[in-house]
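Only one structure is covered here, and it is reproduced in the block below.
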Amino acid sequence: MSKRSFIFLGILLGCSILAIMLYGLFFASNPKEIPSAQIGLKAKPFTVTTFDGKKISLDNFIGKPVIVNFWASWCISCRQEAHILEAAHQKFTPKGAVFIGIAINDTREASLAFIKRYGKTYLLAPDDKLGSISLDYGVTAVPETFFIDKNGIIINKILGATGRATLEEFLNEQL
Amino acid sequence: MVMMLIVGFSGSLFFLKADDMEDRVREISHKLRCPTCQAMSVKESDAGLSLNMKNKIREMLQEGKSEEEILTFFEERYGEWILRSPKKEGFNLFLWLLPGFLIVIASILLFRSLLKRSRDIEQKKLDPLSENEKKLIDQELNHYQSD
Amino acid sequence: MIINIGYFAILAAMALVVYAALSATLGVRYNHNNLVQSARNSLLAVFILTAIAYLALCYAFSANDFSVRFVALHSSIDLPFFYKLTAVWGGMEGSLLLWQLILSFFTAVVVVRYKNNNRDILPHAMVVLALIMAFLLFLLIGWSNPFIRAYPVPLDGQGLNPLLQNPGMVYHPPSLYLGYVGFSIPFAFAIASLLRGKLDNEWILTTRRWTLFSWFFLTVGMLLGAQWAYIELGWGGYWAWDPVENASLMPWLTGTAFLHSVIVQEKRNGLRIWNMVLIITTFLLSILGTFITRSGVLGSVHAFSKSNIGPAFLIFIVVVSLISFGLLINRQENLSTKPQTSGLFCKENSFLLNNIIFLVMAFTVLYGTIFPLLAEALANKKLSIQAPFFNSIMTPLGIVMILLMGVTHFLGWKKTSSRLLIRNTLIPFFIALITMSLVSYKLGSTWQMFLLGGSTLFAGSIILIEFVQSVRINRSQEAKKTGRKSSLFKTLIKDRRRKGGLIIHLGIVLFAIGVCGNFFNQETSFTFSAGEQQVVDKYILTFKEIKQFQRQNSRNEGIEIDIKKNGNPSGTILPVKSYYPTSSQPMTEVAIHRSLFEDLYVSLSSINRDNSATVVVHINPMVSFLWVSMIFFLIGILYSLSYKPAQFRNIKTKNRKG
Chain A
945 MSKRSFIFLG ILLGCSILAI MLYGLFFASN PKEIPSAQIG LKAKPFTVTT
995 FDGKKISLDN FIGKPVIVNF WASWCISCRQ EAHILEAAHQ KFTPKGAVFI
1045 GIAINDTREA SLAFIKRYGK TYLLAPDDKL GSISLDYGVT AVPETFFIDK
1095 NGIIINKILG ATGRATLEEF LNEQL
Chain B
7 MVMMLIVGFS GSLFFLKADD MEDRVREISH KLRCPTCQAM SVKESDAGLS
57 LNMKNKIREM LQEGKSEEEI LTFFEERYGE WILRSPKKEG FNLFLWLLPG
107 FLIVIASILL FRSLLKRSRD IEQKKLDPLS ENEKKLIDQE LNHYQSD
Chain C
4 MIINIGYFAI LAAMALVVYA ALSATLGVRY NHNNLVQSAR NSLLAVFILT
54 AIAYLALCYA FSANDFSVRF VALHSSIDLP FFYKLTAVWG GMEGSLLLWQ
104 LILSFFTAVV VVRYKNNNRD ILPHAMVVLA LIMAFLLFLL IGWSNPFIRA
154 YPVPLDGQGL NPLLQNPGMV YHPPSLYLGY VGFSIPFAFA IASLLRGKLD
204 NEWILTTRRW TLFSWFFLTV GMLLGAQWAY IELGWGGYWA WDPVENASLM
254 PWLTGTAFLH SVIVQEKRNG LRIWNMVLII TTFLLSILGT FITRSGVLGS
304 VHAFSKSNIG PAFLIFIVVV SLISFGLLIN RQENLSTKPQ TSGLFCKENS
354 FLLNNIIFLV MAFTVLYGTI FPLLAEALAN KKLSIQAPFF NSIMTPLGIV
404 MILLMGVTHF LGWKKTSSRL LIRNTLIPFF IALITMSLVS YKLGSTWQMF
454 LLGGSTLFAG SIILIEFVQS VRINRSQEAK KTGRKSSLFK TLIKDRRRKG
504 GLIIHLGIVL FAIGVCGNFF NQETSFTFSA GEQQVVDKYI LTFKEIKQFQ
554 RQNSRNEGIE IDIKKNGNPS GTILPVKSYY PTSSQPMTEV AIHRSLFEDL
604 YVSLSSINRD NSATVVVHIN PMVSFLWVSM IFFLIGILYS LSYKPAQFRN
654 IKTKNRKG
């Protein structure tokens, strides 16, 4: 192999590494944030018993947009989010939206205390001991919120605390 | 040293309490990455989510599911990212094959140039050393002996 | 007040460093020795100023001065004093200051030590070092300033991450930095000789000791990091192919390749352009490594704080690459030598193969580390690339490297007779074959284990045989010269270069044995209550009692376990969960019962409501060999450092005579 080709290959290698690093700096998403693998797919069904004792099933809500939020009492971002979700619930549930909150890896007492403290009134239920629902949805951290449209398809997943604007945009569009 | 090694290894002859189910859980969970940790597998992690996943794997094994079914279950929900080792298909082949490809190319090039060189040395005839050169070499050797 | 002194010291250092670069350049251009002297003096002053700044930061930590933002972020009142001092390098800003401190110190050493020799390229080397320091100081003044104040002044700091509160914090980062920065010196001299057009081998001989020194500290730094991960992270392993670990491995691989290939230049005057490429690459990789781990492009165990320092590093890398490689391409005609002819099995070819494999390894590590970015850019998907990929490629390459390491010791430089080849490999080959067959038969095996273990035993036997032979030859030489038997001590200190290499390679063999132990790892998990016992392999673990205690800044809860090994009482261990006020999750502190051939590694999963405890128990064979290898590296490097290349000895005697 001639010297020229070595030099050429070296330059090629250098430029490729530079390009990838630039991409990583300015264009790539946060390595810690993993988008949902199920966007565009039908949301996996589940049946839970709320903290009030009511039995609800996701299938019951076909035809309405559903917001499924995964939370826990030990999660700090969930506190801030609780107010936002509660406000959105007050505003949109009369119009036909459904809000469901699933508590994962949490104890009953702690969850109830959190609910009381932050005034959550929508449908709230604990996940089972295995965390089956959170596994079904591919939850990697709390809080995570899934936007499900009227046909039961997952449209979006929000990592971290949901913003008011995002919620309103989705629900206004759906209703 | 060899004897020490053999004695050392023989300690492991007495196997740990056999627990096939747990071993299988470990085996499968070692192939999935812990979603909340940095570079650990689900097996190695103690995080809440990893414990959930291990329990789920155990439940699925008890139901009789195969390893492939379990891995597919998680991949459907979390995406390819949950696998510790990307599947050897499609775009990922760029990952798996490029280093091997490089090794092969480098070896071929190296071998060719080395063969060429060794052929050259056989064709060249080496002249015997002259008296002067022999003296010089002895002198230098004595000098370096004082190392 | 003290902090302001620190900041002004950095500003002054920046000014001086720019001055030094300028005056050295002008001094060389216009042949004014005074200017060069002035540059030299300013570089010495830069070291003093950096030291002042560093001490100022240390003082801020020890005095709990939380008006300094860096201190507030990384320290707290209840942090043990010891860790307050090591917290200086617990964040990006302080680490950069440490880097600058070490670099300015090494520069000062270079400037003083090579005052008389290397006259022609020393000024150029000074310019290169000054410019690198200018980059670091620029960052320290601007984007990465450790002296920035915090308003309002917090009452207490956020504390040091509990993971960092471990003795490893004292040794691991400084050792790594000594290694990284150390490689800047050969780099500076290489560029200097390109700049000057002085294209002989002097830069290699001058910087030989720097290379050895840096290699040692980089190796030990990585091993200490592995030891820390083993003790602190609690998953039973010591290397996870995490991006920051890979970032240190890449320059190590090219640096080790460089270490070997310069010998070819020294002895056979070959690979001259190649050595330049290698040292430039090593230097660039150490900067690239810092970039990858601090810029946030990839998640990492070490990414405690993402900083916006990425673009600056990238620009620096591009500029350095362009200048260095540009110079090299420019001067390459004058550098290249006609390759000397040689047989197929010779030392030179072995070194060549060694380099190629190291390079492929380094490329694989880089490739695997940044492939997730590639996948996202080109295939729009997120991938995880962890241990399985790296292990599958590095293991076969490692096997070949170890075989090479053994065989090269008795290869001749030009050619080796096949008789010699067979004679020296026969016994080691059979030792390896028989032992590994026995092991496989009794314990079961995979091909990786068989080959890795086999090659390690093969190389180990060769090295031991060579060492013994070397001692015997020295003995008979001494006897011939002086006519009587010489002491063992005298024979041990002869041929230090050769022995040094043998000892270091023996250290690698020990390291490889430690790695082979992984094939026999065992793991189990169970729950027991106070008073109960469990049998795990040859150990009996008895749960004695739950212990709760307070340390300076943590509340701890653990269980005391009595260990009986093979029926004999063998001490007590205490695996613990620590609760720090600054962190919501408890830290797991594992308990390790160590012996030379095996580690009993116990991690406390939880203490349950009924006061029973769930533990995970690992049996990790041969782990101690990894840590013992460091001693061999130390001894070997001391041997090698104490050797003075013949060329330098000649100069001295010539001066004496003439």
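Chains as they are written, first to last, in my numbering: chain A, 945 to 1119; chain B, 7 to 153; chain C, 4 to 661.
Using N, Cα and C, we set each Cβ at its ideal position, and we do this for glycine too.
Per-residue burial, L281 of chain C [other beta carbons within 10 Å of its own, 16 or more giving buried]: The sequence position of residue 281 of chain C within the third sequence is 278, counting from 1. The residue in question, L281 of chain C, is buried, as its Cβ has 16 or more Cβ neighbours within 10 Å.
L970 of chain A to R297 of chain C span [Cα, whole Å]: As a working mapping, residue 970 of chain A is identified with position 26 in the first sequence. As a working mapping, residue 297 of chain C is identified with position 294 in the third sequence. One detail in the question is off: residue 970 of chain A reads as Phe in this sequence, not Leu. About 15 Å.
Interface positions of the region 998-1029 of chain A facing chain C (Cβ-Cβ less than 9 Å), listed along the chain: Answer set for the region 998-1029 of chain A: W1018 and I1020.
Whole-angstrom distance between A482 of chain C and I114 of chain B, CA atom to CA atom: As a working mapping, residue 114 of chain B is identified with position 108 in the second sequence. As a working mapping, residue 482 of chain C is identified with position 479 in the third sequence. One C-alpha to the other measures close to 49 Å.
Coarse secondary structure for P41 of chain B, derived from DSSP in three states: Taking the second sequence and counting its residues from 1, the one referred to as residue 41 of chain B is at position 35. Collapsing the DSSP output to three states places P41 of chain B in coil.
Whole-Å CB distance - L60 of chain C paired with L100 of chain C, under 8 Å assumed: For this step, residue 60 of chain C is matched to residue 57 along the third sequence. For this step, residue 100 of chain C is matched to residue 97 along the third sequence. L60 of chain C to L100 of chain C, Cβ: 6 Å. Contact.
Pairwise C-alpha distance: V620 of chain C and I562 of chain C: Here residue 562 of chain C refers to the residue found at position 559 of the third sequence. Here residue 620 of chain C refers to the residue found at position 617 of the third sequence. So the alpha carbons of these two residues sit roughly 14 Å apart.
Interfacial residues, the region 575-605 of chain C to chain A, with Cβ spacing under 9 Å: Hits within the stretch, in order: S587.
Contact set between Y370 of chain C and chain B, taken where Cβ atoms lie within less than 7 Å: Your numbering for residue 370 of chain C matches position 367 in the third sequence. Taking a Cβ-Cβ threshold of 7 Å, the residues of chain B close to Y370 of chain C are L104 and P105, in chain order.
Proximity below 8 Å, CB of A378 of chain C to CB of L386 of chain C: Residue mapping note: residue 378 of chain C aligns to position 375 of the third sequence, counting from 1. Residue mapping note: residue 386 of chain C aligns to position 383 of the third sequence, counting from 1. L386 of chain C is positioned such that its CB atom lies closer than 8 Å to that of A378 of chain C.
Length of the line joining the Cα atoms of S83 of chain B and G1040 of chain A: As a first step, residue 83 of chain B is located in the second sequence; it is residue number 77 there, counting from the start. As a first step, residue 1040 of chain A is located in the first sequence; it is residue number 96 there, counting from the start. Strictly speaking, residue 83 of chain B in this sequence is Arg, with Ser absent from that position. The straight-line gap separating the alpha-carbon atoms of R83 of chain B and G1040 of chain A is approximately 28 Å.
Rounded separation between A24 of chain C and R43 of chain C - CA only: Here residue 24 of chain C corresponds to residue number 21 of the third sequence, with the count starting at 1. Here residue 43 of chain C corresponds to residue number 40 of the third sequence, with the count starting at 1. Separation of A24 of chain C and R43 of chain C (C-alpha to C-alpha, rounded to the nearest whole angstrom) is 10 Å.
Cβ of G954 of chain A within 8 Å of any chain B Cβ: Within the first sequence, residue 954 of chain A is the residue found at index 10, counting from 1. Judged by the 8 Å Cβ criterion, G954 of chain A is not in contact with chain B.
For L966 of chain A and I13 of chain C, the rounded distance between their alpha carbons: Along the third sequence, read from residue 1 onward, the residue named residue 13 of chain C stands at position 10. Along the first sequence, read from residue 1 onward, the residue named residue 966 of chain A stands at position 22. Rounded to the nearest whole angstrom, the C-alpha separation of I13 of chain C and L966 of chain A is 30 Å.
Backbone CA spacing between K141 of chain B and A16 of chain C [nearest angstrom]: In the second sequence, counting from the first residue as 1, residue 141 of chain B sits at position 135. In the third sequence, counting from the first residue as 1, residue 16 of chain C sits at position 13. Cα to Cα, the separation comes out at about 57 Å.
Reference I1097 of chain A; option with closest CA among A:V1012, A:K1060, A:A1054 and A:I978: Residue 1097 of chain A sits at position 153 when you count from the first residue of the first sequence. The shortest C-alpha separation from I1097 of chain A is found at A:V1012.
Straight-line gap, D68 of chain C to P149 of chain C (C-alpha atoms, nearest Å): If you number the third sequence from 1, residue 68 of chain C lands on position 65. If you number the third sequence from 1, residue 149 of chain C lands on position 146. D68 of chain C and P149 of chain C have their alpha carbons spaced roughly 13 Å apart.
Beta carbon of N614 of chain C nearer than 8 Å to that of A533 of chain C: Counting from one through the third sequence, the residue named residue 614 of chain C turns up at place 611. Counting from one through the third sequence, the residue named residue 533 of chain C turns up at place 530. A contact, by the Cβ cut-off of 8 Å.
Sequence-distant residues of the same chain with beta carbon closer than 6 Å to D26 of chain B, five excluded per side: Working through the second sequence from its first residue, we reach residue 26 of chain B at position 20. None.
Cβ separation of G510 of chain C and G639 of chain C, assumed to be a contact under 8 Å, to the nearest whole Å: For this step, residue 510 of chain C is matched to residue 507 along the third sequence. For this step, residue 639 of chain C is matched to residue 636 along the third sequence. Indeed, because the Cβ distance is near 6 Å, the residues count as touching under 8 Å.
CB contact below 8 Å: G302 of chain C versus chain B: Against the third sequence, residue 302 of chain C aligns to sequence position 299. Answer yes: the Cβ-Cβ gap between G302 of chain C and chain B drops below 8 Å somewhere.
Within-8 Å CB hit, P975 of chain A to chain C: In the first sequence, residue 975 of chain A corresponds to position 31, counting from 1. It does: the Cβ of P975 of chain A has a partner Cβ on chain C nearer than 8 Å.
Cutoff 8 Å: N272 of chain C Cβ touching any chain B Cβ: Residue numbering aside, residue 272 of chain C sits at position 269 when the third sequence is read from its first letter. Not one chain B Cβ lies under 8 Å of N272 of chain C.
Distance between beta carbons of T545 of chain C and I564 of chain C, contact taken as under 8 Å: What you label residue 564 of chain C is simply residue 561 of the third sequence in a count that begins at 1. What you label residue 545 of chain C is simply residue 542 of the third sequence in a count that begins at 1. By a beta-carbon distance limit of 8 Å, I564 of chain C contacts T545 of chain C. Their separation comes to about 7 Å.
Residue nearest to Y33 of chain C in terms of C-alpha spacing, selected from C:Y444, C:P126 and C:K87: Here residue 33 of chain C refers to the residue found at position 30 of the third sequence. Scanning C:Y444, C:P126 and C:K87 for the CA closest to the CA of Y33 of chain C turns up C:P126.
Where N1049 of chain A meets chain B, residues with beta-carbon distance less than 9 Å: Residue mapping note: residue 1049 of chain A aligns to position 105 of the first sequence, counting from 1. In chain order: G54, L55, L57 and N58.
Between the CA atoms of S1076 of chain A and K71 of chain B - distance to the nearest angstrom: By 1-based counting over the second sequence, the position of residue 71 of chain B is 65. By 1-based counting over the first sequence, the position of residue 1076 of chain A is 132. Approximately 16 Å, taken between the alpha carbons.
Contacts of S91 of chain B in chain C (Cβ-Cβ under 9 Å): Within the second sequence, numbered from 1, the residue matching residue 91 of chain B stands at position 85. Neighbours of S91 of chain B on chain C, chain order: S387, I388, Q389, A390, P391, F392 and S395.
Assigned exposure category for T222 of chain C - 16 Cβ within 10 Å defines buried: Position 219 of the third sequence, counted from the first residue, corresponds to residue 222 of chain C. By the neighbour-count criterion, in which 16 or more other beta carbons inside 10 Å mark a residue as buried, T222 of chain C falls on the buried side.
Same chain, Cβ closer than 7 Å to L104 of chain C, neighbours up to 5 away in sequence not counted: Stepping through the third sequence from its first residue, residue 104 of chain C is reached at position 101. Within its own chain, the residues whose Cβ lies closer than 7 Å to the Cβ of L104 of chain C, once the five positions on either side in sequence are excluded, are T53, A54 and Y57, listed in chain order.
Three-state secondary structure assigned by DSSP to R163 of chain C: In the third sequence, the residue the question calls residue 163 of chain C occupies position 160. Checking the sequence, you will find Leu at residue 163 of chain C rather than Arg. Looking at L163 of chain C - three-state DSSP - the assignment turns out to be coil, as it is neither helix nor strand.
S56 of chain B versus T1084 of chain A - alpha carbon distance: If you number the second sequence from 1, residue 56 of chain B lands on position 50. If you number the first sequence from 1, residue 1084 of chain A lands on position 140. The straight-line gap separating the alpha-carbon atoms of S56 of chain B and T1084 of chain A is approximately 10 Å.
Neighbour list for I978 of chain A in chain C, Cβ cutoff strictly below 7 Å: Numbered from 1 along the first sequence, position 34 holds the residue referred to as residue 978 of chain A. Per Cβ cutoff of 7 Å: K385.
Helix, strand or coil at K493 of chain C according to DSSP, with G and I counted as helix: For the purposes of this step, residue 493 of chain C is taken as residue 490 along the third sequence, with counting starting at 1. Looking at K493 of chain C - three-state DSSP - the assignment turns out to be helix.
Three-state class that DSSP yields for L953 of chain A in the structure shown: Stepping through the first sequence from its first residue, residue 953 of chain A is reached at position 9. DSSP, reduced to helix, strand and coil, places L953 of chain A within a helical segment of the structure shown.
Selected residue, minimal CA-CA separation from Y642 of chain C, among C:I476, C:R501, C:T293 and C:W92: In the third sequence, counting from the first residue as 1, residue 642 of chain C sits at position 639. Closest option to Y642 of chain C, Cα to Cα, is C:R501.
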